[in-house]
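So the protein lines, in turn, are chains W and X. Its first residue numbered 1, the first sequence is counted upward by one per residue in the working numbering. Its first residue numbered 155, the second sequence is counted upward by one per residue in the working numbering. Glycine residues also receive a C-beta, built at the ideal position from the N, C-alpha and C atoms.
2 protein chains.
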Amino acid sequence: MVLSGIWRKQDGSKEPQPPAITVKHEKEIPAADIQDLCASVGWSRRDPELIARALANSLSVVSAWEGELLVGFARATGDKVFNATVWDVAVRPSHQRRGIGRLLMVALLEDLDQYDIPLITLYADPGRDGFYRRFGFNTDPYGVRGMFREKDGV
Amino acid sequence: MVLSGIWRKQDGSKEPQPPAITVKHEKEIPAADIQDLCASVGWSRRDPELIARALANSLSVVSAWEGELLVGFARATGDKVFNATVWDVAVRPSHQRRGIGRLLMVALLEDLDQYDIPLITLYADPGRDGFYRRFGFNTDPYGVRGMFREKDGV
Numbered sequence: 001m002v003l004s005g006i007w008r009k010q011d012g013s014k015e016p017q018p019p020a021i022t023v024k025h026e027k028e029i030p031a032a033d034i035q036d037l038c039a040s041v042g043w044s045r046r047d048p049e050l051i052a053r054a055l056a057n058s059l060s061v062v063s064a065w066e067g068e069l070l071v072g073f074a075r076a077t078g079d080k081v082f083n084a085t086v087w088d089v090a091v092r093p094s095h096q097r098r099g100i101g102r103l104l105m106v107a108l109l110e111d112l113d114q115y116d117i118p119l120i121t122l123y124a125d126p127g128r129d130g131f132y133r134r135f136g137f138n139t140d141p142y143g144v145r146g147m148f149r150e151k152d153g154v
Numbered sequence: 155m156v157l158s159g160i161w162r163k164q165d166g167s168k169e170p171q172p173p174a175i176t177v178k179h180e181k182e183i184p185a186a187d188i189q190d191l192c193a194s195v196g197w198s199r200r201d202p203e204l205i206a207r208a209l210a211n212s213l214s215v216v217s218a219w220e221g222e223l224l225v226g227f228a229r230a231t232g233d234k235v236f237n238a239t240v241w242d243v244a245v246r247p248s249h250q251r252r253g254i255g256r257l258l259m260v261a262l263l264e265d266l267d268q269y270d271i272p273l274i275t276l277y278a279d280p281g282r283d284g285f286y287r288r289f290g291f292n293t294d295p296y297g298v299r300g301m302f303r304e305k306d307g308v
């Protein structure tokens, strides 16, 4: 999948365009690239071996690349049957507001829809629910509440 | 694990006690038993083959038995590393208010804690968040909101 056109000026002028964005569906992403992306959005550093194991155990992993640079990432866990949960949607700040988050969500939901999963869930950071509503997600339907249990020190 | 004592009267009298509850950690549970339990709590009927596949793809499955009768169930999905999500906590109405839900949650969290997972999430039905708070779960920390996307017709 190649992102195109969104940098094209409406007047059709031939402004130099940045390299195209490619979306991949492979689980094998170098841990160093993931760490770099996580650092760019202020997430805590994670152990490379743990990253590899978590990706392997994910139901779907999608990533966005500008050439060799990992510029976005998203993944989902689940049972392949009844439910899936979207985690770790991240776009490098230097590449935000270009539609890359949307590309990642579309690619991830395409992956999940092939399993015919009836329920997909996620946890939206404050102010981000509007983004996810565009993909059919709703907050707290039927009064259901998301709850979290964090291990000490995390 | 055997539930004992909760029916013992405080005066020590020898009232006949109901059969003990046994908690199992096996993923192989006959689909007919699951269907029967789900029907008892008003959940929709699920295909036996899909049930077996979902259990096999779960991170942990715990069940409570009174002899041959499945009286409670809970499971979790996840990546075995960074997160897990608790699903389908159910206790047969005839066996509720006996501490079986607590037994199931303790057993499930024991399973998950062996992976050293930093974040465990769940979606609580209306009015059920008090039950989960006892196990360290909180609603919407940091303003994070649970969101759902349901397939048409589900």
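Straight-line gap, residue i to residue j (C-alpha atoms, nearest Å)
i	j	result
residue 291 of chain X	residue 19 of chain W	45 Å
residue 240 of chain X	residue 53 of chain W	20 Å
residue 123 of chain W	residue 105 of chain W	14 Å
residue 218 of chain X	residue 261 of chain X	10 Å
residue 188 of chain X	residue 252 of chain X	20 Å
residue 224 of chain X	residue 180 of chain X	13 Å
residue 204 of chain X	residue 115 of chain W	11 Å
residue 125 of chain W	residue 55 of chain W	22 Å
residue 220 of chain X	residue 190 of chain X	14 Å
residue 201 of chain X	residue 78 of chain W	18 Å
residue 28 of chain W	residue 100 of chain W	20 Å
residue 301 of chain X	residue 128 of chain W	11 Å
residue 32 of chain W	residue 227 of chain X	40 Å
residue 250 of chain X	residue 287 of chain X	18 Å
residue 68 of chain W	residue 305 of chain X	36 Å
DSSP state of residue i mapped onto helix, strand, coil
i	result
residue 97 of chain W	coil
residue 195 of chain X	coil
residue 161 of chain W	Within the shown structure, residues of chain W are numbered from 1 to 154, placing residue 161 of chain W beyond reach of any answer.
residue 115 of chain W	coil
residue 183 of chain X	coil
residue 200 of chain X	coil
residue 36 of chain W	helix
Sub-8 Å separation of residue i and residue j beta-carbons
i	j	result
residue 90 of chain W	residue 120 of chain W	no
residue 271 of chain X	residue 235 of chain X	yes
residue 93 of chain W	residue 40 of chain W	yes
residue 23 of chain W	residue 103 of chain W	yes
residue 285 of chain X	residue 149 of chain W	no
residue 145 of chain W	residue 242 of chain X	no
Enclosing alpha helix (DSSP H) for residue i [first to last residue]
i	result
residue 21 of chain W	Unbroken run through residue 21 of chain W is the beta strand (DSSP E), 21-24; no alpha helix (DSSP H).
residue 285 of chain X	283-287
Residue interval of the beta strand (DSSP E) (run including residue i)
i	result
residue 59 of chain W	No beta strand (DSSP E) holds residue 59 of chain W; DSSP gives it neither H nor E.
residue 73 of chain W	69-78
residue 300 of chain X	299-304
residue 86 of chain W	83-91
Positions along the stretch 227-258 of chain X whose CB lies within less than 7 Å of some CB in chain W: 231, 232, 233, 234, 235, 236, 237, 239, 241
Contacting positions in the stretch 105-123 of chain W - beta carbon closer than 7 Å to chain X: 118, 119, 120, 121, 122, 123
Contact list for the stretch 33-51 of chain W against chain X, Cβ threshold 7 Å: 50
Contacting positions in the stretch 134-151 of chain W - beta carbon closer than 8 Å to chain A: This model lacks chain A altogether; the protein chains it does include are W and X.
Contacting positions in the stretch 206-224 of chain X - beta carbon closer than 7 Å to chain W: 207, 208, 211, 212
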